[in-house]
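J.:
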Amino acid sequence: MKVAVYFVLLITVFISCAQSQKKRGDCTSEEYIGDVQSCQLILVQDLQKNPKSDCSGEASKYYECAVKTMKKCYPNAEISALKSMIQRTFTVDLLCKEAALQFPTPSRINGTFPCKMDPADYQKDVTKCSEKLLSMWQANKADKGTCGEFKNTKQCIVKLAKDAECKMTEDFKRNEKLLYGTFNPFCPHGVDAEANEKPNKPNTNNQTNKTQTLKGTSTLCLLAILVCWALNPF
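Mapping to my numbering: the sequence shown position 179 is 186, numbers consecutive.
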């Protein structure tokens, strides 16, 4: 329960931060999410090529990419501070086991969870949607089946929100489309196998517990939160 409550709090902060990005940053939501997804794509595909890696090299590359993305959007933030926060929050172990997956929960509207179910139960169901994917990834990062399973995971979460009759803010709807669209870091071209759309172009310059969960938050959300806290500490 504590994890679920903490998750909802983090998402609330993320949404409030995202809504103010036009004033505080130089990136649109589309640009920011696209760049973070590019970092995730590089991480996943590097690990697919080297599934026995201890992830240290891949994680280092991810950190550099994430810092570059955040610095571009928030030029006044200190690079050393951003890198330190990211490394403390996203350990090599977490990036390796969870592939920087991101499954945000609908934000509260006027302080109320906008779905017809308890937020803790909602998060449990989101975790169930991703369990098979994480199990496959943790067992064998070179497993080509993760490409199709990630799509199944996205469809499961979208269906969950629909079945729970969640009311979405316009900001969340826009971000949800970007997060649960055709982008798929587990597929060869970074997009769902049968999709005709092109994925966001990556910026190239820039056996464990099979039921391990996502720890109730996401890389994308926490990256946004870290920037907000760095620039506007509570």
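We put the beta carbon where it would ideally sit given N, CA and C, even for glycine.
1. Is the region 66–86 touching the region 126–133 in the sense that three or more CB pairs, one from each, lie closer than 8 Å?
2. Roughly how far, in whole angstroms, is the beta-carbon of residue 110 from the beta-carbon of residue 157, given that I think they are within contact range, below 8 Å?
3. How would you write the range of the alpha helix (DSSP H) that residue 95 sits in, first residue to last?
4. My output table needs one value for residue 119: the three-state DSSP class, helix, strand or coil.
5. Using three-state DSSP, classify residue 190 as helix, strand or coil.
6. What's the C-alpha gap between residue 173 and residue 108?
7. From which residue to which residue does the alpha helix (DSSP H) around residue 83 run?
8. Which word fits residue 216, buried or exposed, when buried means at least 16 other C-beta atoms lie within 10 angstroms of its C-beta?
9. Can you tell me where the alpha helix (DSSP H) holding residue 165 begins and where it ends?
10. In terms of DSSP beta bridges, what is residue 133 paired with?
11. By alpha-carbon positions, which one of 115, 65 and 152 ends up nearest to residue 178?
12. Drop a sphere of 10 angstroms on the beta-carbon of residue 113, count the other beta-carbons inside from all chains shown, and report buried for 16 or more, exposed for fewer.
T.: On the basis of the supplied data:
1. no
2. Not confirmed; about 11 Å, so no contact.
3. 86–96
4. strand
5. strand
6. 22 Å
7. Where residue 83 is concerned, there is no enclosing alpha helix (DSSP H), given that its DSSP letter is neither H nor E.
8. Here residue 216 scores only 38 on pLDDT, less than 50, and its place in the model is too uncertain to base an answer on.
9. 153–170
10. Answer by DSSP bridge pairing: none, since residue 133 is not bridged.
11. 115
12. buried
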